[in-house]
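To start, the structure under review is shown below, and the notes come after it.
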Amino acid sequence: MKTDNRMTHDLDRAGGIAAAIMAASYIFGFALFIGVIDGTGYAGPAGNIAFITDNQSVLSIAMLVLYPMAGCALVALVIAMHRRASVEIEGWMQITTTFGLMWAAIVIASGMISLAGMHAIVPLATEFPDEAASAWVAISLVQDALGGGNELLGGIWMAMVSGLAMRTDQMPKLLAWLGIALGLVGIATIIPSLGDLVDVFGLGQIIWYLWVAVMLLRSVPQPKSVDS
């Protein structure tokens with residue numbers, strides 16, 4: 002029993018840290034693309050290649066933080082949330098966890114595709130700019146299809162995990178309703194005309210992840226001080 006409790010507490014701590022990392026990655030991404038990197042004047046396929054060439058180092062760091070690093074943190078958070086499920090909803094939680102792990106996988110894959118494509122496109126652009134532009138269009142389409150352009154899997158996981166956590170009193174109701182609402186927003190991004198909702202989903206996730214981080218870390222027992 003003590004071993005199980007210790008494992009639960011360790012997973013809660015890991016999940017809380019992972020949620021904080023996820024929030025930090027989103028804040029980093031929004032700050033970088035809004036306040037640091039200026040995309041003005043880079044219009045069309047040729048402009049995209051020029052933008053990548055001019056900002057390759059910064060974009061590489063951004064892709065690493067926003068995709069592989071965030072995806073790995075997401076795995077820890079998904080498993081931590083799964084661990085909190087009660088026996089009564091274990092079946093539903095297994096379905097929810099599957100969606101969460103699928104989301105983590107495509108986040109990592111999307112980032113790796115962008116990184117590999119970026120590193121291949123920059124040297125190609127010097128001698129064959131038209132071919133580089135065409136190749137980047139194809140790479141971007143693959144990334145968007147995996148999840149860069151929609152948040153279907155993320156929306157499903159967030160809505161389901163929030164709803165199940167509220168049902169079993171594992172999450173404050175306000176936090177759960179926020180997760181459900183954001184999940185529905187994420188699911189809606191699969192509709193082409195509602196694709197711009199990805200920004201709403203991302204901004205809302207910052208609040209949700211930070212709140213979840215506090216919730217999980219507070220559930221970890223603090224070591225008792227020993228009077229000398």
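Each residue of the sequence shown is one higher than the last, beginning at 2 in the working numbering. Glycine included, C-beta positions come from ideal geometry on N, C-alpha and C.
{"Query": "Sequence-distant residues of the same chain with beta carbon closer than 7 Å to I122, five excluded per side", "Result": "I50, I53, A133, A136 and W137"}
{"Query": "7 Å Cβ shell around L102 - same chain, five flanking residues per side excluded", "Result": "V76 and V79"}
{"Query": "Distance CB(G1)-CB(Y43) smaller than 8 Å", "Result": "Outside the modelled stretch of the chain, which goes from 2 to 229, sits residue 1, for which no answer is possible."}
{"Query": "Rounded C-alpha distance that separates G17 from D131", "Result": "46 Å"}
{"Query": "Three-state secondary structure assigned by DSSP to M172", "Result": "coil"}
{"Query": "Classification of V213 by the beta-carbon crowding that lies within 10 angstroms, buried from 16 upward", "Result": "buried"}
{"Query": "Top-ranked residue by Cα proximity to F100, from I109, A146, L153 and C73", "Result": "L153"}
{"Query": "Three-way DSSP call (helix, strand, coil) for A1 in this model", "Result": "Since the displayed the chain opens at 2 and closes at 229, residue 1 lies outside it and no answer follows."}
{"Query": "H83 classed as buried or exposed, judged by whether at least 16 other C-beta atoms fall within 10 angstroms", "Result": "buried"}
{"Query": "Whether L176 touches M216 by CB criterion (8 Å)", "Result": "yes"}
{"Query": "Proximity to G148 [Cα-Cα], best of W178, M113 and R168", "Result": "M113"}
{"Query": "A20 and Y210 closer than 8 Å at C-beta", "Result": "yes"}
{"Query": "Three-state secondary structure (DSSP) of I28", "Result": "helix"}
{"Query": "Within 8 Å, strictly: CB atoms of I38 and V59", "Result": "yes"}
{"Query": "Length of the line joining the Cα atoms of A129 and R85", "Result": "Position check: residue 129 holds Phe in this sequence, whereas Ala was assumed. Distance between the alpha carbons of F129 and R85: 54 Å."}
{"Query": "I191 vs G164 beta-carbon contact at 8 Å", "Result": "no"}
{"Query": "Assigned exposure category for F157 - 16 Cβ within 10 Å defines buried", "Result": "Just to set this straight, residue 157 is Ile in the shown sequence, not Phe. Classification for I157: buried."}
{"Query": "Continuous alpha helix (DSSP H) stretch holding V215: start and end", "Result": "L198 to R219"}
{"Query": "Beta-carbon gap between G72 and I109 smaller than 8 Å", "Result": "yes"}
{"Query": "8 Å Cβ shell around G196 - same chain, five flanking residues per side excluded", "Result": "G150, N151 and T190"}
{"Query": "Continuous alpha helix (DSSP H) assignments of at least 4 residues falling wholly in the segment 99-146", "Result": "130-144"}
{"Query": "Residues of its chain near G30, where Cβ-Cβ distance is below 8 Å and the 5 sequence neighbours each way are ignored", "Result": "A63, V66, L67 and G203"}
{"Query": "Euclidean distance between Cα positions of T169 and W93", "Result": "12 Å"}
{"Query": "Distance CB(L183)-CB(M159) smaller than 8 Å", "Result": "yes"}
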